[in-house]
Structure formats: structure tokens, C-alpha cells
Amino acid sequence: MVGTCSRDPEWKRAFVGYLNEEREVTGDLFPPMALSTVDLDGRPAVRMITPRGFVGDGFLRICEKDQGQWTSDVLTLCTHAKSNKVHELVNTNDVQLVAYLPHTRIQVRLGGNASLLFHPDNPNYSTLSLDMRQR
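What follows is the structure, encoded as C-alpha cells:
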């Protein structure tokens, strides 16, 4: 189950509530979602992604001592460092994310900015963090 806390923005509390309802039927932590970026020619580029979690919420903890006591509203996913998505985000970090939850019949649209976090142990992979806001 994805958690929230009282300091989370309203969009995250609603989003997590929808995800938890959907999970009761599907068992999936996150459904597939569409991530839209802007390609190098200025055109929209959309691809399907599966988020890994929110920073601090059992994923991408800040330090070894962190036992998941805190959450954030920064959504993360992993990607290959040489992907088109990475090149596009270096050019402009504006993104939109769309999720459709078929069992609850809810569509969620979020927009925001992406940041790339490269792993020093594996230079081929990076974590994409999405600082989102409701659209």
C-alpha cells in the first residue's frame, strides 16, 4: 500500500486513494501510466511507464538508517540513461503523466518537472523523479 501523511498535497492524497482502491482489485502497486515529454524537435513524445514509488515511501531512501518513516510527493521511475526520454528531459524537464484506473473508472492527469538522478554504481541506469502537481 502506498502511504500518505498529513503534509502531503491534496493531489497526492487523492491519487494514492485512487491507487489503493484500484489495487484492491488488481493487486498492482502502480498501474501503467503514460508519460509525455517534449522531443528535441519540440513535438510531444509519449511512452508507457510504471512508477516505482514515492521518494521515501519504501523506495529511494535517503540513507541506510531510514526505515521508511517519511514520505514525499516526488514520484520515481527507472530508465536507461541512453534512452530518448533522458535526452528529451535534459533539453526540457516539463512532463505530463496520465493514469487510467479501469476498475474505478478514474483518469488522473498530473503535470510537473522531472529530475534525473544517475546511479554511480550503474551508469547505464538513472532514476527519474517527477515533482508533479494536479492538472
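For the sequence shown, the tail end lands on 357 under the working numbering, and the numbers increase by one without skipping. Just so you know, even glycine gets a beta-carbon here, dropped at the ideal spot from N, CA and C. Please read all numbers here as calculations on a predicted model, not as lab measurements.
Got a sec, what are the start and stop residues for the alpha helix (DSSP H) Ala236 sits in?
Here residue 236 is taken as the residue at index 14 of the sequence shown, counted from 1. Start and end: Glu232 to Thr248.
Can you tell which of Asp230, Val277 and Tyr322 has the C-alpha that lies nearest to the C-alpha of Met270?
For the purposes of this step, residue 270 is taken as the residue at position 48 of the sequence shown. The residue with the shortest Cα to Cα distance from Met270 is Tyr322.
Which of the three DSSP states is assigned to Asn313 in this structure?
Here residue 313 is taken as the residue at index 91 of the sequence shown, counted from 1. In this structure, Asn313 counts as helix in the three-state DSSP scheme.
Drop a sphere of 10 angstroms on the beta-carbon of Thr259, count the other beta-carbons inside from all chains shown, and report buried for 16 or more, exposed for fewer.
By 1-based counting over the sequence shown, the position of residue 259 is 37. Buried, because 16 or more other Cβ atoms sit within 10 Å of the Cβ of Thr259.
Just to confirm my understanding: we take Val247, look at its own chain, exclude 5 residues before and 5 after, and list those with CB closer than 6 Å. What are they?
By one-based count along the sequence shown, residue 247 stands at place 25. Excluding sequence neighbours, Val247 sits near His325.
For Phe276, count the other beta carbons within 10 Å of its own beta carbon; 16 or more makes it buried, fewer makes it exposed. Which is it?
Residue 276 sits at position 54 when you count from the first residue of the sequence shown. When all chains shown are included, Phe276 counts as buried.
Looking at the secondary structure, which residues open and close the beta strand (DSSP E) in which Ala267 lies?
Walking along the sequence shown from the start, residue 267 turns up at place 45. Its beta strand (DSSP E) spans residues Pro266 to Ile271.
In terms of residue numbering, what span does the beta strand (DSSP E) encompassing Leu257 cover?
The sequence position of residue 257 within the sequence shown is 35, counting from 1. Taken as a continuous stretch (DSSP letters only), the beta strand (DSSP E) holding Leu257 covers Met255 to Val260.
Measure the alpha-carbon distance for Val330 versus Gly249 and round it to whole angstroms.
To locate residue 330, count along the sequence shown from 1; it is residue 108. To locate residue 249, count along the sequence shown from 1; it is residue 27. Going from the Cα of Val330 to the Cα of Gly249 covers about 19 Å.
Just to confirm before moving on: does the CB-CB distance between Leu332 and Leu319 stay below 8 Å?
Indexing the sequence shown from 1 puts residue 332 at position 110. Indexing the sequence shown from 1 puts residue 319 at position 97. Yes, the pair counts as a contact, with Cβ atoms nearer than the cut-off.
Does the separation of the CB atoms of Asp432 and Val296 fall below 8 Å?
Examination of residue 432 is not possible in this model, given that the chain is present from 223 through 357 alone.
What separation, rounded to the nearest whole angstrom, lies between the Cα atoms of Pro273 and Glu244?
Translated into the one-based positions of the sequence shown, residue 273 becomes position 51. Translated into the one-based positions of the sequence shown, residue 244 becomes position 22. So the two alpha carbons sit approximately 15 Å from each other.
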